[in-house]
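Residue numbers (this note's numbering), protein chains in the order written: chain A, 120 to 350; chain B, 120 to 350.
Yeah, the Cβ is synthetic: ideal placement off N, Cα and C, and Gly gets one too.
The block underneath contains the structure these notes are about, expressed in structure tokens.
Protein chains: 2
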Amino acid sequence: MDVHALVFDVFGTVVDWRTGVAREASRLLGDVVDAEAFADAWRGRYVPSMNRVRRGELPWTNLDELHRTSLDELLTEFWAPDTPSDVRAELVLAWHRLDPWPDSVEGLTRLKRQHVIATLSNGNVALLVDMAKHGGLPWDTVLSAELFRHYKPDAEAYLGAAQLLGLPPEQVLMVAAHIDDLAAARAAGLRTAYVHRPRESGDEAPPPPATDPAADLTVDSLTELAERLGA
Amino acid sequence: MDVHALVFDVFGTVVDWRTGVAREASRLLGDVVDAEAFADAWRGRYVPSMNRVRRGELPWTNLDELHRTSLDELLTEFWAPDTPSDVRAELVLAWHRLDPWPDSVEGLTRLKRQHVIATLSNGNVALLVDMAKHGGLPWDTVLSAELFRHYKPDAEAYLGAAQLLGLPPEQVLMVAAHIDDLAAARAAGLRTAYVHRPRESGDEAPPPPATDPAADLTVDSLTELAERLGA
């Protein structure tokens, strides 16, 4: 593969959103909620909330703002409607403080030696910058749906990333733990690598497919990706 | 100062464009041109070329493309009109390979411990990413006029940077070696730090002012900036 840059999905692919959100929910809301069920419910509103923007039902709204709206709905549903506004604001920042999977920092550090590495996430720029500092993620730069005002899987996000990196799409490798993200990247002309993250949704959820036969590569970690690319 | 993020002008402030461009001109064009005069002439077309975009005489055109147009004009003027297209393309990449000033990497590394550090340059994203890898500049992220389709000193560039970082303008410090860049940042509500770079335009050019009395800070290096900010 003649790949110059690697762009990464982040939530689930590079960081463990479920453990991090549950930890912050437990810290900030205490016993009011089942923290892991709360994390799952919040994440469950992620795609539907972006789809409202993608369909034009909402004007451009960044992920922090979508997270806040979903949170406000959820707190009512989970019977914690009295949660003060400052606690809600702090809880939205849980998504800025997610921990990397154990292999992420080493894998990215190795990949960075020979390639440009960037996020390509639906998270907003400030969220991704905070997360990189929190977890020591050594991105060359942060690319976000926010820059294109199009959430993945809109083609504009993938094509916009390649354009900003000054590369034809076929020299950019999209790395993700989600089949649909990779399918859309491939349709836009990017190369694709699937990362199998069996614990993304917890031990009790049905695991994701072990491989993506349509992808150029399937790996179990970012360190394995570095090995496969000779980095 | 309650400053959370620092955004940096790059050409002249963080890297030495004159030496780097002259070196590449000498390597690629040989004795055809006086390399330093050539660098000065190319840089001399920088502001006028951006102003054509800023005034709407040209649609959005990124800096690599403006550099190429200026280069084509200059080669004719400097009597090297036969320079092949691939050499011209390589010469445009001189701007991607500029060396940092001696204090830049240490200063940025120290500043990064306590602050978000980002470019805020008229260079395009690919140029800034390549330059960071070339020189080891440890940016948290790369912000560019290209993201806002407004060249500095348009207010949209400064305000757009603060917005992407999720901060009010007064929590962002613009760092630059150019008084006009700082004046525009200040008008947009940012804090400002002036870096005195007496050798930016070479030893024979009139030096820039030693201080900017309107700025919050004046320093002689990025290591001094780190000291002044307690980093």
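Take A160/A, set aside five residues on each side of it, and the residues of its chain with a beta-carbon closer than 8 Å to its own are L193, E196, F197, in chain order. For F157/A, the three-state secondary structure derived from DSSP is helix. Leaving aside the five residues that flank R173/A on each side, the residues in its chain whose CB is nearer than 8 Å to its CB run, in chain order, H269, Y270, D273. With respect to the 8 Å criterion, M293/A and V134/A are not classified as neighbours on the basis of their beta carbons.
Interface annotation, T260/A: in contact with chain B, CB-CB separation under 8 Å. DSSP, reduced to helix, strand and coil, places S189/A within a helical segment of the structure shown. In the displayed model, S320/B falls within coil according to three-state DSSP, outside both helix and strand. In this structure, the CA atom of L341/B is about 17 Å from the CA atom of S240/B.
For H315/A, the closest C-alpha among the options D121/A, V122/A, D128/A, A264/A is that of D128/A. Assignment of F197/A by DSSP, reduced to helix, strand and coil, places it in the coil class. Only residues of its own chain outside the window of five on either side were considered, and among them D121, G308, L309, R310 have a CB closer than 8 Å to the CB of E289/A, listed in chain order. Separation of the CB atoms of L262/A and A280/A is rounded to 5 Å, and the pair is thereby assigned contact status at 8 Å. In the three-state DSSP reduction, A245/B falls in the helix class (H, G or I).
Taken through DSSP and simplified to helix, strand or coil, A237/B comes out as strand. In the three-state reduction of the DSSP assignment, V133/B falls in the coil class.
Three or more Cβ pairs closer than 8 Å define a contact, and the region 323–343 of chain A meets that threshold against the region 208–226 of chain A. Membership of A304/B in the alpha helix (DSSP H) is indicated by the continuous run 298–306.
Closest in alpha carbon position to W136/B, among M169/B, T238/B, L217/B, is L217/B. When DSSP states are grouped into helix, strand and coil, P219/B belongs to the strand group. Counting the other CB atoms within 10 Å of its CB gives V152/B a total of 16 or more, which places it among the buried residues.
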